[in-house]
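Some notes on the structure that comes next.
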Amino acid sequence: MPLLFAFSNNAAAQDSRPVAATTAAPASSPVDFSADVVTYDSEADLLTAEGRVRMDRDGYYVAADKVEWSRRSGAVVASGSVVLLSPEGDRVIGERVVLTDSLRDGTIENLLVVLDTGGRIAADRAVRRDGRTTLQNAVYSACPVVGDKGCPKRPSWSISAAQVVQDPANNRIRFRGGRLHLFGVSLPLLPIFSVNTGNGGGATGALIPDISISASNGFEVSLPYYFRLAPNRDLTITPHLYTKNVPGIEARFRNLNSLGAFQVGAFLTYGTVAETDPAATISVERKRVRAYIEANGKAQFSPEWGLTTSIRAATDKTVTRRYDLTRDDRLRSYINLERITPDAYVSIAGWAFQGLRVDDVQKQIPIALPAIDARLRVPSPVIGGMLELQANSLAILRLEGQDTQRAFASAKWETRRITRWGQEVALTAYARGDVYHTDESGDTSVAIYRGTDGWHGRAIGALAADVRWPLVGPLLGGLQRLTPRVQLVITPNTNNFDIPNEDARAVDLEDSNLFALNRFPGYDRWEDSSRVTYGVEWALDRPNWSVQTVVGQSYRLSRRPTIFPDGTGLTDRLSDVVGKTRVRFGRLVDLTHRFRLDKDTAAVRRNEVDLTFGTDLTYAQIGYLRLNRDISSEVEDLRDKEELRLAGRLQFARYWSVFGATVVDLTDTEEDPLSLSDGFQWVRHRFGINYEDECLDLGLSWKRDYERIGDFRKGSTFSLHLAFKGLGR
């Protein structure tokens, strides 16, 4: 040890003194050193440091009760509560450690290694050479070994091995002759098994397999293998083995670079596909390659400019459901170039869709390309407020069916003022000019969506005044706010029916659009009737609970026939009554109720309840929706339905919980003539039991899907989930 150079060779045979020094050996880095007492035996050439000994060299730190250094052999022996800390952050705890004078290499008996990532290795003996540590008769686990009260406890999982090699340079721990112990049950591992200990995103190696059993695929085992290609790139290859189907292969590549990030995933197999023509009564089975691909990413060229993209495609309508790839019934692909600043926005995008429902005809599904939208906000120099300018264009193409092109420019001015009596007044002026072109409108089956072929122009204008009067005061030990609200919208008659309707179909009066300038969701339809909308908002806040509610209605000033379909709540001059109420009691209860009442009969046209009660660990959720609008079945976007959703989780022990969920279709043919439900039809079930502690997540789940896609029905699936926290890749 370089410490010896701090002493003269002529020192007394027995010399004791407190020491705190920094010394250096020839051609080596200095050693920071401190101890309560240091003695040097010149005859034995032995240096002894005792009492809170601390040494630090090149990031290797040693703390011990006693350290002996033999100048003749170069051996450093630390004893008594020895702690060694490596530059990687790993700690070694033992009673007696023999080191070289560099503090890097040595031999340790009866030790405990505490890794920087949280795992621990206990071993009978360890030898460290050139940065690699070899442990004999070792046990590794990422689980805590003591409980909350400091009492010892058995870890839920551990790995024992005759030999363990810790390689900090590669962030790996390799086990030879290892066995996995799960809840005390010993399970064999591969002869040579390794785990990652680094914080850099993983290392190449096999991942935990996934196991499931389903009616459509039989017994399934997924065996993912992870390739760390670079610190910013990785690849995961997952073979899928089935007892009822041909094996499949899945791959996912991820990359992060200076421009942004993207990932590409794909699934490939070979199997039987039942193909049904919507006009036919029978299906034909064919064997073919079945595949699914998805890719998404974002590139940020500058603080303002960015490109976002997503691609999703499948070879057939049932591959995603059969192999549990996604539950979406439509796959969306898009590319979007955007420029975003605090007061300006530009988007140049393209959209494409793939229908996976049995009655979808792909050639009739639209492609939107290009879709351009540009907006600019500037303060109004003369009358104040904010002026927003917008330009928009869209081209919708179909291989079979109606094509539409649209372009418009608009200007919207808004200002808000507070009067001396406390009313909030919002004034809006809006003007827009549209140009449309469409052809083959006769191919659209719903008459109110078609428009007429050829070129059409439209001018839109509106003036609006919105007045709120918040009234605040105490109530029931809390604070209440009563806010009457009135809105007046003046707009002239506008040509709507010659314009095709592509983006404003799913219209329905509800609390969220009650005071909107245009209650159609898109641009293709404009609510051209002047109207008065009125309502009231009320809120009560107390320390432990709160209530918020809103209710309102509108009245059209024009007797002109409406453009809204019957049943939307906006057909007559006087609209239906809509409202929403939300009640919260601390974090235990959250209840939201939305409704729409028929203005003539007070019949409930919309009744929606969402209730959550319980804690984060034990809770129940209830959702109920009934749409009783009596809208014509020809309007496919506004069909009535009735549905019940139930979900819950119960933690019955510290680490154990059960969970479940179900969806029931309560729609009958009286509510929706096109419905296949008889008034009580199961849609899907979920049920499972889960164990989760500080280092292990283990679960068994069952799910059943009743939805049929052509001749395919998913049926029941049993899945086993196992994740070792802190194990790494």
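First residue of the sequence shown? That's -11 in my numbering, and the numbers climb one at a time after it. Glycine included, C-beta positions come from ideal geometry on N, C-alpha and C.
Taking 8 Å as the upper bound for CB-CB distance, Asp93 and Arg113 are not in contact here, some 14 Å apart. As for any beta strand (DSSP E) of minimum length 3 sitting wholly inside the stretch 563 to 640, the runs are 565 to 573, 577 to 585, 592 to 602, 607 to 615, 629 to 639, ordered along the chain. With respect to the 9 Å criterion, Leu613 and Val577 are not classified as neighbours on the basis of their beta carbons. Assignment of beta strand (DSSP E) within the stretch 350 to 382, counting only whole runs of 3 or more residues, yields 355 to 367 in chain order. Counting only the Cα atoms, Asp53 lies some 5 Å from Arg40.
One Cα belongs to Ser663, the other to Lys629, and the distance between them is close to 9 Å. Boundaries around Ala435 are those of the alpha helix (DSSP H), 435 to 438, since no beta strand (DSSP E) includes it.
Beta-bridge pairing by DSSP links Ala450 to Tyr418.
With a threshold of 16 other beta carbon atoms within 10 Å, Ile109 meets it and is buried. About 5 Å separates the beta carbons of Val460 and Arg469, which is inside the 8 Å limit, making them a contact pair. Look at Asn159 here: in three-state DSSP terms it is coil, with no helix or strand label. Note that the C-beta distance between Glu596 and Ile551 is not below 9 Å.
Looking at the DSSP output, Pro462 bridges to Leu467. In the structure shown, Arg242 falls within a strand segment according to DSSP collapsed to helix, strand and coil. Measuring C-alpha to C-alpha distances from Gly62 to each of Ala32, Gly68, Thr416, Ser665 identifies Ala32 as the nearest.
Taking C-alpha positions only, Asn483 is separated from Ala591 by approximately 33 Å. Annotated as distal: Leu615 and Leu632, with beta-carbon spacing of 9 Å or more. For Thr329, the enclosing beta strand (DSSP E) stretches over residues 318 to 329. Comparing C-alpha distances from Gly540 to each of Ile328, Ile371, Arg547, Tyr522 shows the shortest one belongs to Tyr522. The beta carbon of Tyr230 lies closer than 8 Å to those of Asn205, Gly206, Phe207, Glu208, Gly236 in the same chain, with the five residues before and after it left out.
If the five residues before and after Ile448 are omitted, its C-beta is found closer than 6 Å to the C-beta atoms of Arg420, Thr482, Trp514, all from its own chain and listed in chain order. Residue burial is scored here from C-beta neighbours: Leu686 has at least 16 other C-beta atoms within 10 angstroms and is therefore classed as buried. Here the C-alpha atom of Leu168 lies approximately 10 Å from the C-alpha atom of Val127. Nearest C-alpha to Val183 among Lys587, Leu545, Asn159: Asn159. For Trp339, DSSP records a beta bridge to Tyr322, Ala356. DSSP places Arg300 inside the beta strand (DSSP E), whose first and last residues are 293 to 302. Considering only Ser210, Ala194, Val152, Ser69, the residue with the shortest C-alpha distance to Ser707 is Ser210.
In this structure, Ala262 is the residue among Tyr280, Arg278, Ala262 with its C-alpha nearest to the C-alpha of Val272.
Taking all protein chains in view, the Cβ of Val623 is crowded by 16 or more other Cβ atoms within 10 Å, so the residue is classified as buried. The residues Asp155, in chain order, have a CB closer than 6 Å to that of Arg120 in the same chain once the five nearest residues on each side in sequence are set aside.
Classified as exposed, Val366 has fewer than 16 neighbouring CB atoms from the shown chains inside 10 Å of its CB. Rounded to the nearest angstrom, the gap between the Cα atoms of Tyr322 and Asp136 is 51 Å. Annotation for Val307: the continuous alpha helix (DSSP H) segment containing it runs 307 to 310.
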